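Those protein sequence lines, which keep their order, are chains A and B.
Everything in the first sequence is counted per my numbering, starting at 1 for the first residue and increasing by one.
Everything in the second sequence is counted per my numbering, starting at 1001 for the first residue and increasing by one.
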Amino acid sequence: MAWSMVCWWSPVPPVTEADAGYRAGIAALAQGTPDAALPLLQAAERAGEGGGFAALNLGLALMQLGRLSQAEAALTRAAAALPDHPEPYFRLGTIAGVRGEAGRAEALFLAALDRAPHHVTALAALAALAEAAGHLAQAADLVARARAADPEEPELELAAARLALLRGEAEAAAAGAAAVLAQRPAHPAAAKLYAEALLARLDPTAALAVVAARAAEDPFAAGWALAAARLHAAAGQPAAALAEWQAAALLAPEQPEVLALLGLALDEAGRRAEAEPLLRAAITARPTDLDLRNRLATMLWRNGRSAAMLEVLDQAMVEFGPQPTLMMNRALALNAVGRQAEALESADAAVPAGGVLALVNRIAVLPYHPERGHALALRDCGRAIAAKLGPAAPAVHRPREAGRRLRVGLLSGGLGRHPVGWLTVAGLEALPAAEFSLHAFALKPREDMLAARFRACCAGWHEMQHRSDAEIAAAIAAERIDILIDLGGYGESGRLFVLQHRPAPVQIKWVGAQFSTTGLGCVDWMLTDRWETPAGFEHLYSERLLRLPDGYVCYAPPAYAPPVTLLPALAGQGAAKGVRFGCFNNLAKVTPAVLTAWARILAALPEATLELRTPVLSEASAREGLLARMATAGLPAERVTLLGGVPHQALLAAYGGIDIALDPFPYTGGLTVCEALWMGVPVVSLAGDSFAGRHALSHLSNIGLPDWVATTPEAYVAQAVARARDLPALAAVRAGLRARVAASPLVDAPRFGRGLAAALRRAWSECCAMG
Amino acid sequence: MSDRPAAMPAASRAVPAAAPALATRLLDRARLLLRQGRPGEALPILDRLVRLPGGDTAALLLRAEALLGLGRPDAAEAAATAALERLAGPAPAVVVPPAAAVALLLRARARQAAGSLDPAIDDAAAAVMAVPGDAGAKQVLGAALLEQQRFDEAIWFLGEAFRAAPEDPQRQLRLGQAFMLAQRHEAAAELLAHCAAGHPDLPGVVALQAQNRLLAGDPAGAAALVRAALGRGVVEAGLHSVLAHVLIGEADTEGAAQHFTAAARLAPRNAYLGHLAAALAGSPADMPDRAADAYVRTVFDGYAPRFEASLISLGYRVPGLMRQAVERLLPEVAGGAAKLGPVLDLGCGTGLVGAALSDLIGGPLVGVDLSRPMLEQAAAKGIYTTLHQAEASAALLGPMPPQALITAADVFCYFGRLELLLERCRSRLRQGGLLLFSLERAAPGEGWQLGPRGRFRHAADYVAGCLAAAGLQSLECREEVLRQEANGVVDGLLVVARATGH
């Protein structure tokens, strides 16, 4: 709903003679400094100055600052003090609208109109509500009434133009939008409508030509750049769109919405350092935009700044109430800082109103939950998603010849330096080219050496980031893919629902948020191994289990990994000191139960220390939160070092200071385990029953160290303590560990390639046999 | 809520009152974006800036740079020309003012990127004359000369640029490449090793080192370098390409195919790699119907200096076979009673066919080849009336008198489909004129096939059909051994056909 359109602000003048404090507050408000106005108006209200207008203007100031709850309270006081004045009702209606409470908003706007039948902004706001509800004739009538009261107002002309477009009158809409742009050349909503109106009757190229002609005629009006950006974005050309947003922001630097649009485009392009200040500035200028808050939060999350994300969301929750999008994002933030139980609560709260996305959000945090993150619960959540989605499309036809060369599609945002890359590239390279051709459907552009390896082994490459699920599925079908492998799942850049369109006759889930069953009928197989899913686990999966002969991944150790060091506990001069445990997993995996187990280990080993290292620990509030949870678990802060993220090579080098890695649970380490092992650090782990709960078991079993895996927390503690007390044995394991891994199936790409080829062939043959 | 900004920009269609400040802001941002390597984002800003009344030369120059960075050399050239006119007047004097050098250099780079090498060299040379102390100008001139295969001059200017900034890795790299192409392999090795030691992550440096070793006759050393780099996780088209060439030399077709394929995937716009990958992979769906010009040019440009020696060592027989065919079919010419008349030698290379026929011709002898270094070698023989750098089938469209003889020795093996080519040959022959060409032989019924060495093979029955369709009467189609190769002889066809009535 275009709230920004109807909620332009004008300070309500006092109707009575007032004292100096109140007048100063109003002046500050009029000058656009609501923060300065705040204490003055608060003092004025307390002193009884200005009648109810002190409270009203205080409410306006608070709204401008995005403090909606406080604004609501002040406006309610103003409504009580000024029962015949429309403005408190109108503003209260605006707040209700911002919070998505359409019914309440409508009642309040009507209340305002009762008090002032020609209240233009209330009419416009009601029109917007009617438009959002699809009542176009009613909306048009309301807009006409408002325009009768204020025929000069461009916002009303824009509202009329938008309604024209909704009625299918594209030319009238374009003319209306252009008329608004003539008066306000940098008006973002007018530019957007202009672009939409052009697209309603022209193809994108022709529409761009119209806008380019306008821009050539009037090169310094930001509106044409804005319209061009919209058209490029609609045509799936984000780089060209970004270029136009840049131009628009330079031409209209005072427009918060333009800054926001540029910020969002920069965020999309992965340029978060540039995007963050723009988004923050836009939020300051437009504090009532919920979407901006969520976008900032998402950006912080992608940047590994979950604590900052949480702060943004907590603030937004206070102002906007428990909106589903906020609850979902908050669940991710809470999870990422290690508050798994609260995360699941937040995710659960979003489910009733949040649709299928809320369920996806739920399954993304569920596997981390210390008690409820088990396989059955995950399966049930997956089933709930499947039930919401409904049946998948029918399978496409491909020539069903069991022995022919197969076209294998890879759907992923992780085809590069990403856990998916490190755990799949070597195995995919080893697939026999005579039997399989690989085709990438990349969901995130990546330029790095691992991405180059993927490019070198893929016969086809399709960048799909900005495409819809249906478009991606169509591209996969057009490439005549026989077997589609999903490498993203329910993860951040995953597009699992593409498989619901059934673009390939065989669809397989592999690495990439592979923490449990997907629950979806359109996923035929789960690529796995006998440790991840031993016999008897079938009922926990909606997919059939396609077990590889060894582990389910093939690790590609980076060439830049430094050599394995001597055991740190023995490396110092003189007597041996205590062992140093380490855990380089993200904080989402570090549950209270994990902290308790670690506390018991350190209690049994008075000399031992623990090092935690993960990006979110760069944030003070994340460290403080963890320290508090550590204290609750009895883990002594002075024996635990908390460190933030470092570049990958330095991260690997940091294992030089670790004697034993302690794996978290129930979501165990995946790539982290492989890296620790490659760096000579053995891993003590606790296996659960979910896929995520058995990653470490798979990797350790694959290199012949299954006896490092416990099955109960008690055994996990005892195992860690016993290993730490036998330094000679630990030193021996470390000395031979890289060679052991190097000789193991975990990194044996040719062997893995043979196993993968056989598994894919089996899946295909069964598909052929079914006809 | 407070969406109405305090001050709206003026609604006027004229240039805003605050134009100077706005222009400065736009220019600064465009400059910053270009520095950050974002020409696409700079362009819409610059498009607007150049519309300011009177325009701004700086904006024109930046716009040329942005267009160059976006791979739009023609538009970049136009923008640079506009800037140059602003700086040096519409018809630049013989000596351009130093201030105009920057525009000249941009235009030189644009022209080089568009493949107009001579104009690029002219611009860069003018810039060097305008600012003799500018090492960057010498670098641009050297790079253009290098691409034009004028190695000695290229080395001179690239060397000057290198001496001005000996630690600049790009200057080291480019000079090293020039040494390599000029067959000064030791100098190239030294410079490239220095470059790689200081900048081990510089893209292309190891591939160039390896290529230099390969060209210097050390394939094992080249392979070792490549394999070490791949082992370090470096993935580049150039590395795979060098390794594939090494493997071809070892007759490891499968290995070569794998690495050419990887190289082609990493450099999808490289026609040379794409052609070889398709040739070796042998997949009919991916097979082109002729070799890309870039492929042929790349092959022969690199080959020219040692082409004849190499062919002689391979027992190359085609020019001799062609002379014998002429003598057989035209006894009056063989006996000296008549001369051939105008002769067109398609794919003349270093001029071996011209040399074999020279005493029989008695008319203009025109040579056509894609490779400039090859043409230079042919010119040195002093027997060709004219030499054109052109692709064979395109050259047949140019103006020329009706030809008595068209020869194509080892040329049609770079074409799969022959129909169009033979039609064009027919159209340029005079009545009764001869077309004489060699092919690599495919089995009857196979039509045409792309072989693992990037060349096509043709079946005699297919050729006969094409000749008839083109209005050419087949006089001879003899099975001949064309030459030796590492893994045996190359079986071929020598075809002679006569132009019958139009």
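Ideal Cβ positions, reconstructed from N, Cα and C, are used throughout, including at glycine.
Since the structure is predicted, the reported quantities are computational estimates derived from the model, not experimental observations.
Worksheet item: Could you give the residue range of the beta strand (DSSP E) that holds residue 609 of chain A?
Response: 609-613
Worksheet entry | Per DSSP, the bridge partner or partners of residue 508 of chain A | A/485 and A/525
Fill in: Rounded Cβ spacing between residue 496 of chain A and residue 528 of chain A (contact assumed at less than 8 Å)
So it is not a contact: roughly 17 Å between Cβ atoms.
Fill in: residue 329 of chain A vs residue 368 of chain A beta-carbon contact at 8 Å
no
Discussion item. So residue 657 of chain A and residue 568 of chain A are supposed to be a Cβ contact under 8 Å. How far apart are they, rounded?
Written reply: 5 Å
Item to complete: Output, in sequence order along the chain, the residues in the stretch 1035-1063 of chain B whose CB is closer than 7 Å to any CB in chain A.
Response: 1040, 1041, 1043, 1044, 1045, 1048 and 1051
Discussion item. When you compare the stretch 712-727 of chain A with the stretch 601-617 of chain A, are there three or more beta-carbon pairs, one atom per stretch, that lie closer than 8 Å?
Written reply: yes
Fill in: Same chain only: Cβ atoms within 6 Å of residue 550 of chain A, ignoring 5 sequence neighbours per side
702 and 745
Worksheet item: Residues in the stretch 1235-1247 of chain B with C-beta within 9 Å of chain A's C-beta atoms, listed in sequence order?
Response: 1235, 1236, 1237 and 1240
Item to complete: Measure the Cβ-Cβ separation of residue 1022 of chain B and residue 1046 of chain B and say whether it is below 8 Å.
Response: no
Discussion item. Quick test of your reading: residue 472 of chain A and residue 506 of chain A, contact by CB under 8 Å. State the CB separation rounded to the nearest angstrom.
Written reply: Not confirmed; about 17 Å, so no contact.
Worksheet item: Which value, in whole angstroms, describes the spacing of the CA atoms of residue 1489 of chain B and residue 1319 of chain B?
Response: 17 Å
Discussion item. Suppose contacts are defined by Cβ-Cβ distances below 8 Å. Is residue 120 of chain A in contact with residue 149 of chain A by that definition?
Written reply: yes
Discussion item. Need the endpoints of the beta strand (DSSP E) that residue 1431 of chain B sits in, please.
Written reply: 1429-1442
Worksheet item: chain E beta carbons: is any one of them nearer than 8 Å to that of residue 1277 of chain B?
Response: As a matter of chain content, chain E is missing from the structure shown, whose protein chains are A and B.
Worksheet item: Exposed or buried, which one is residue 1350 of chain B when buried takes at least 16 other CB atoms within 10 Å?
Response: buried
Worksheet item: Taking just the CA atoms, how far does residue 493 of chain A sit from residue 345 of chain A?
Response: 23 Å
Worksheet item: Nearest-angstrom Cα distance between residue 706 of chain A and residue 755 of chain A?
Response: 21 Å
Worksheet item: Going by other Cβ atoms of all chains shown within 10 Å of its Cβ, with 16 needed for buried, is residue 391 of chain A buried or exposed?
Response: exposed
Worksheet item: Using a Cβ cut-off of 7 Å, which residues of the stretch 577-611 of chain A contact any Cβ in chain B, in chain order?
Response: none
Worksheet item: Which chain B residues are close to residue 219 of chain A, counting only those with a beta carbon under 7 Å from its beta carbon?
Response: 1048 and 1051
Discussion item. Using the Cβ count rule (16 or more neighbours within 10 Å means buried), how would you classify residue 421 of chain A?
Written reply: buried
Worksheet item: So which residues on chain B does residue 319 of chain A lean against when the C-beta distance must stay under 9 Å?
Response: None at all; the shortest Cβ gap to chain B is about 12 Å.
Worksheet item: Name the chain A residues whose beta carbon is nearer than 7 Å to that of residue 1026 of chain B?
Response: 250
Worksheet item: For residue 575 of chain A, is the classification buried or exposed, using 16 other Cβ atoms within 10 angstroms of its Cβ as the cut-off for buried?
Response: Any reading at residue 575 of chain A needs caution, since the residue's pLDDT is 49, under 50, leaving its predicted position unreliable; the model's value is listed next. The residue in question, residue 575 of chain A, is exposed, as its Cβ has fewer than 16 Cβ neighbours within 10 Å.
Practice prompt. Evaluate contact between the stretch 376-392 of chain A and the stretch 405-414 of chain A, counting only Cβ atoms and requiring at least three cross-stretch pairs below 8 Å.
Written response: no
Worksheet entry | residue 1409 of chain B Cβ short of 7 Å to the ligand FAD heavy atom set | Absent from the structure shown: the ligand FAD. Ligands present: none.
Item to complete: Can you check the stretch 396-471 of chain A for any beta strand (DSSP E) of at least 3 residues that lies completely inside it and give the ranges in chain order?
Response: 406-412, 436-442 and 460-463
Worksheet item: Relative to the C-alpha of residue 1387 of chain B, which residue among B/1402, B/1371, B/1058 and B/1401 is closest?
Response: B/1371
Discussion item. Given this structure, state the Cα-to-Cα distance separating residue 1500 of chain B from residue 1414 of chain B, to the nearest angstrom.
Written reply: 26 Å
Worksheet entry | Short CB-CB distance (under 8 Å) between residue 1262 of chain B and chain A | yes
Worksheet item: Is residue 1390 of chain B near residue 1347 of chain B, with beta carbons less than 8 Å apart?
Response: no
Fill in: Every unbroken alpha helix (DSSP H) within the stretch 1080-1123 of chain B, with a cutoff of 4 residues, ordered by chain
1101-1113
Discussion item. I'd like to know whether the C-beta of residue 1265 of chain B is nearer than 8 Å to at least one C-beta of chain A.
Written reply: yes
Worksheet entry | Between the CA atoms of residue 243 of chain A and residue 1011 of chain B - distance to the nearest angstrom | With a pLDDT of only 34 at residue 1011 of chain B, under 50, the local geometry of the prediction cannot be trusted, and no value is derived from it.
Discussion item. Below 9 Å on C-beta distance, what does residue 1022 of chain B contact in chain A?
Written reply: 220, 250 and 251
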